Amino acid sequence: MSSHPKDKNNPRFGHLPLSTSGPEECALTGSALLRSPYHNKGSAFTSKERKDFKLFGLLPPNVQTLEEQVERAYRQYCSPTDALAKNTFMTSLKEQNEMLYYKLIQEHLKEMFGIIYTPTEGDAIQNFSKVFRKPEGCFLNILDQDRVEDNLAQWGDPDDIDYIVVTDGEEILGIGDQGVGGIFISVAKLVLTTLCAGIHPSRTLPVVLDCGTDNRQLLNDDLYLGLRRPRVRGKEYDNFVDIFVQSVGKLYPGAYLHFEDFGLTNARRILDKYRPEIACFNDDVQGTGVITLAAIMAGLHVSGLKLTDMRLVVFGSGTAGIGIADQVRDAIAAESGKSKAETAKQIWCVDRPGLLLKSQGEDLTIGQGPYAREEQEWQGKDHNDLLSVIKEVKPHVLIGTSTKPKAFTEEVVKEMSKHVERPIIFPLSNPTRLHEADPKDINEWSEGKALIATGSPFPPVEYNGRKYEVAECNNSTAFPGIGLGAVLCRSRLLSDKMLVAAVKAIAAQSPALKDPDKGLVPDVINVREISVQVAKAVIKQAIEEDLATEKEIPRDDEDLEEWIREQMWEPRYRPLIRVDKEKASKHGRGELGVGGVSKGHEPLYGVDLADFEKGIPYEDGRMDLCKMVIGPSNIPQLITSLDSNTFVCQFLLSDNMTGPVGARLISDFVLAHPNRMETWYLAASTALYELITKTSNLCTIDLDQTESGDEGVTHLFSLLADHHSPTSLRHVYLNAVGIGPSTCKSVADYLSSPHCTVESMYLNANPVGDVGASSFAKGLAKNTSTLRLALASCGLKSTNAKSILQALEGHPRLMALRMGRNFATEDLGMRYNYLEDDVVDSVKALVSNCKTLRMLELGMTGMTLSELESISEEIIESETLAVFSVKSVYGNVSPKVKLPVKERMKQNIRRFYGGIDVACFDAEEKRWLISPKDVRLIDSAYRNRDAGLAQRGQLILKKVWDDGMEIVRSVMNADDSH
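Everything in the sequence shown is counted per full-length UniProt numbering, starting at 1 for the first residue and increasing by one.
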């Protein structure tokens with residue numbers, strides 16, 4: 001008996017900073033609190049909490065219990081009969097009230113398991129881009145490898161994340177390549193770790209590595225949200241995975257990394273690469289192996305056979321099949337003291353061509369190699385079909401992971417039953433329509449002798465009036481407990497012996513040990529108890545191998561079990577205590593586990609103005625106050641509003657008259673919260689240099705149409721050019737600022753500096769002229785970072801345009817160059833560019849030698865038609881250009897010249913964007929060539945609006961600004977209780 005009394009309000013064991021005992025601190029109030037799924041109690045907020053947190057008037061008056069809420073939610077769940085609709089309802093509930101979501105499932109686990117996980121989750125994944133409403137998890141794509149660490153860093157501090165599930169979406173739940181939709185499997189697995197093992201949901205992180213997709217249906221789907229290109233493989237893929245793993249190790253050194261649903265060629269290889277370095281796990285390889293071996297061991301107990309004497313045939317030698325083989329091989333080796341190579345001889349693996357043979361050479365995967373048999377062993381013997389192998393091997397155990405329906409025929413089962421008293425037969429393929437045999441048939445063909453386990457739930461089977469339970473080899477009884485153990489003891493690695501310990505812990509709880517007619521593995525309904533025992537076994541083994549780094553792990557068995565239970569998260573409401581934001585934890589501020597708007601997704605525009613007037617920012621965490629004539633006196637109220645609205649992660653304040661006092665207040669706020677905002681669009685007068693160099697995530701500055709002028713911009717970029725190290729700055733908007741030659745030199749000096757990180761430079765509608773263009777050319781000649789350069793309507797003539805084109809000719813990264821016309825330039829009095837025949841050779845050289853160029857816009861030119869034709873001949877040879885635009889004052893080139901150019905564009909579009917048609921490219925992808933996704937196309941939200949207003953006259957513009965001030969006052973004075 002433990003010598004320490006247990007006190008639920010003051011738990012002895014506080015390893016995890018988030019527990020479910022005692023009161024919880026919270027700084028959120030009003031509607032912000034109701035929008036936080038981690039703190040929201042809905043109708044269950046007590047009267048005191050409603051008063052303390054300004055909730056009166058926001059909720060119906062009746063205070064309910066969690067149990068009453070569960071009853072209501074269950075009735076709502078039962079209303080739709082369609083499984084996918086139920087899945088969607090549950091996702092929506094999770095976004096509103098996480099506690100209620102988990103409590104509802106906990107109360108109806110068996111009924112809902114197939115809805116929140118396989119098979120229905122597979123349907124949800126296939127429909128990801130159609131049902132998508134709100135991003136959940138971290139989206140990393142292979143085209144932004146240099147931003148992986150930054151994107152991961154936004155999810156917390158080093159001690160904030162315990163468990164990460166990552167997928168590349170290539171082999172999802174038996175339904176194949178699902179691209180970016182794979183994020184749903186990462187989310188679903190983490191839901192199971194919380195339900196089954198009590199991993200705190202706010203300390204988990206679902207991740208998808210978007211490497212493209214080979215799924216033609218997705219590539220041709222107009223709504224598909226992922227990279228629209230064939231799946232990247234080889235060195236580039238390996239480098240991407242490595243950057244991710246190294247970033248995880250750097251940012252979250254204590255996190256446990258769970259690989260999920262990687263493809264056959266990558267799953268084993270990646271696991272083997274990183275297992276010696278970090279605590280990582282692959283459920284398809286190891287989880288399936290653990291639960292299957294546990295079922296086998298229980299079956300061997302019933303049949304009276306020793307593990308070391310067992311012969312096993314695995315039918316289906318993919319990731320899961322080989323994972324099972326590995327687990328069995330390692331267990332036999334540990335039990336017998338033999339080498340793994342020796343014990344592998346007790347396992348025969350069959351795949352599509354038949355038995356795996358060494359003579360198959362390069363056709364064998366890395367995982368299959370150890371199980372391939374020598375050709376001479378089978379000389380003169382039939383090894384091309386399962387029945388022949390069964391006759392020759394006479395196995396005790398037959399495992400099916402082939403997804404080949406009805407592969408376990410009556411002949412196969414009867415042949416096994418001839419040689420083995422209690423044949424162990426597991427048709428494990430999912431979903432159920434793909435299982436190798438129906439348990440009812442296996443039971444009948446074996447005359448009730450077979451010990452059966454499946455990959456999906458089946459009812460009991462009967463033979464001669466006797467009922468036999470069919471065990472479900474559900475990985476959820478294995479991987480959550482393994483992960484819990486590794487997390488709690490902070491294990492440096494996950495060893496083979498730790499997995500064997502997990503196997504034994506599960507097998508020890510088999511109902512068949514007491515009654516041979518019961519299931520071979522414990523029922524999922526008891527999964528939390530199973531997870532406690534698995535975690536305990538894993539921790540003890542980690543201690544024995546000196547892998548556990550947690551210092552205060554109890555050594556007494558009972559104390560250890562209590563230590564584990566007290567750290568398992570439970571879905572129950574805790575009393576909330578209001579604290580000031582400065583005193584609250586990240587969880588109490590609603591920041592833990594909230595990564596803002598996921599990279600690669602546009603914001604959700606079109607929010608009702610009434611919401612904005614109530615002080616509620618847009619759904620994507622964006623507060624847009626651009627061009628609303630905010631002055632210095634407004635800034636203190638604005639800072640107060642930002643303090644209370646902690647979920648704002650994008651703050652737009654361009655083109656306002658903040659003045660030096662307002663600028664200093666904004667600067668102080670940003671420096672006090674250096675990593676809270678993902679994107680800042682700030683007024684020209686703010687202390688931008690200080691913000692850029694002292695914050696870690698200011699990626700965009702937007703000075704469009706401000707009164708910065710030569711002096712302000714020159715000063716900023718002169719400081720940046722002399723700055724001693726790289727910054728996070730990636731995108732610079734300087735359109736229509738009125739900058740001239742002197743400013744061009746300071747910008748060019750920054751572009752040529754070795755620490756320049758800018759990817760997008762927009763300088764449209766500025767009087768750059770000859771001298772400015774010459775400066776740009778010198779700066780660009782030394783630049784290596786720029787992807788996009790926009791110089792439309794800058795008064796460029798052929799001579800200075802030529803120098804810029806020549807400077808960019810060998811650029812290693814340039815993707816888009818725009819030298820045409822910009823919007824509203826006539827109203828603003830700007831000068832168009834005018835390029836003539838003497839730039840033609842430079843244009844052709846750029847197209848020929850810049851191997852990354854995808855977009856080139858030259859606008860209206862003075863080039864003759866014959867020279868345009870010569871450019872077209874070069875374009876036809878380009879293997880990268882997807883967009884090319886040029887016109888001539890002398891008329892149009894003939895269709896004979898145009899058509900081959902268009903055809904080349906189509907070919908390149910298909911090459912880079914996964915075979916989509918031009919219309920789809922124009923609608924979905926073209927804009928991103930010149931406008932990066934991470935600046936959220938703010939142009940469409942307000943810049944074009946104001947350009948149009950300028951054309952209609954200043955009176956209209958003044959009225960809109962006056963109206964805007966009323967909105968600003970509403971926002972500044974908003975109270976969360978209203």
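A virtual CB, placed ideally from N, CA and C, is assigned to each residue, including glycine.
Source: prediction; values computed, not measured.
Item, Value
"Taking the Cβ atom as the reference point for each residue, do Val420 and Asn443 lie within a distance shorter than 8 angstroms?", "no"
"For Ser725, is the classification buried or exposed, using 16 other Cβ atoms within 10 angstroms of its Cβ as the cut-off for buried?", "exposed"
"For Val840, which residues of its own chain have a beta-carbon under 8 angstroms away from its beta-carbon, when the five flanking residues on both sides are left out?", "Met863, Glu867, Ser870 and Ile871"
"Can you give the Cα-Cα distance for Leu780 and His715, rounded to whole angstroms?", "20 angstroms"
"Among His39, Ala27, Asp556 and Glu25, which has the Cα closest to the Cα of Pro571?", "His39"
"Can you give the beta carbon distance from Ala478 to Ile291, rounded, assuming they're within the 8 angstroms contact cut?", "4 angstroms"
"Do the stretch 274–281 and the stretch 289–308 touch if we need at least three Cβ pairs shorter than 8 angstroms?", "no"
"On the DSSP letters alone, give me the boundaries of the beta strand (DSSP E) that Ile577 sits inside.", "Leu576 to Arg578"
"Starting from Lys235 and walking both ways along the alpha helix (DSSP H), at which residues does that stretch end?", "Gly234 to Leu251"
"Assuming the contact rule is C-beta atoms closer than 8 angstroms, Ile539 and Cys473 should be a hit. Round their C-beta distance to whole Å, please.", "About 24 angstroms separates the two Cβ atoms, so there is no contact after all."
"Helix, strand or coil: which one does DSSP assign to Pro516?", "coil"
"Could you check if Cys78 is buried or exposed, using at least 16 other CB atoms within 10 Å of its CB as the buried criterion?", "exposed"
"Span of the beta strand (DSSP E) holding Val771?", "Taken as a continuous stretch (DSSP letters only), Val771 belongs to no beta strand (DSSP E), being part of the alpha helix (DSSP H) at Gly769 to Ala781."
"Is the stretch 184–200 touching the stretch 334–349, taking contact as three or more C-beta pairs under 8 angstroms?", "no"
"Reducing DSSP to helix, strand and coil, say where Asn141 ends up.", "strand"
"Mind checking Asn239: buried by the 16 CB within 10 Å criterion, or exposed?", "exposed"
"Is Asp382 helix, strand or coil by DSSP?", "coil"
"Checking the sheet assignment: what are the DSSP bridge partners for Ser752?", "According to DSSP, which records beta bridges pairwise, Ser752 is partnered with nothing at all."
"Between the stretch 236–255 and the stretch 126–144, can you find at least three pairs of beta-carbon atoms closer than 8 angstroms?", "yes"
"Measure the alpha-carbon distance for Arg269 versus Val532 and round it to whole angstroms.", "30 angstroms"
"According to the neighbour-count rule (16 or more other Cβ atoms, all chains shown, within 10 Å of its Cβ), is His383 buried or exposed?", "buried"
"Please look up how many angstroms separate the CB atoms of Asp770 and Thr799, rounded, as I've assumed it's under 8 angstroms.", "7 angstroms"
"Excluding sequence positions up to five away, which residues of its chain have a Cβ less than 8 angstroms from the Cβ of residue 1037?", "There is no way to answer for residue 1037, as the model of the chain reaches only from 1 to 978."
"On the premise that Leu264 lies in contact with Gly323, defined as a C-beta separation below 8 angstroms, what is that separation, rounded to the nearest angstrom?", "Not a contact, Cβ separation roughly 11 angstroms."
"In its own chain, which residues sit with a C-beta less than 6 angstroms from the C-beta of Leu547, not counting the 5 before and 5 after it?", "Ser491, Arg492 and Leu493"
"With the cut-off set at 8 angstroms, would you say Leu729 and Tyr689 are in Cβ contact?", "no"
"Taking the Cβ atom as the reference point for each residue, do Val328 and Val389 lie within a distance shorter than 8 angstroms?", "no"
"So, do the stretch 845–858 and the stretch 805–824 have three or more beta carbon pairs nearer to each other than 8 angstroms?", "yes"
"Measuring straight from C-alpha to C-alpha, what distance separates Leu225 and Thr167?", "16 angstroms"
"What three-state label does DSSP hand Asn849 in the structure shown?", "helix"
"With burial defined as no fewer than 16 other Cβ atoms inside 10 Å of the residue's Cβ, what is the status of Leu734: buried or exposed?", "buried"
"In the DSSP assignment, find the unbroken beta strand (DSSP E) run with Val487 in it and report its ends.", "Unbroken run through Val487 is the alpha helix (DSSP H), Phe479 to Leu488; no beta strand (DSSP E)."
"One question on the structure: do Ser43 and Leu59 come within less than 8 angstroms of each other, judged by their Cβ atoms?", "yes"
"For Ser510, which residues in the same chain have their Cβ closer than 7 angstroms to its Cβ, ignoring the five residues on either side in sequence?", "Ala298, Leu520, Val521 and Pro522"
"Taking C-beta to C-beta, are Ser402 and Ser446 nearer than 8 angstroms?", "no"
"Among Tyr890, Ser47, Thr204 and Lys406, which residue has its Cα nearest to the Cα of Asp441?", "Lys406"
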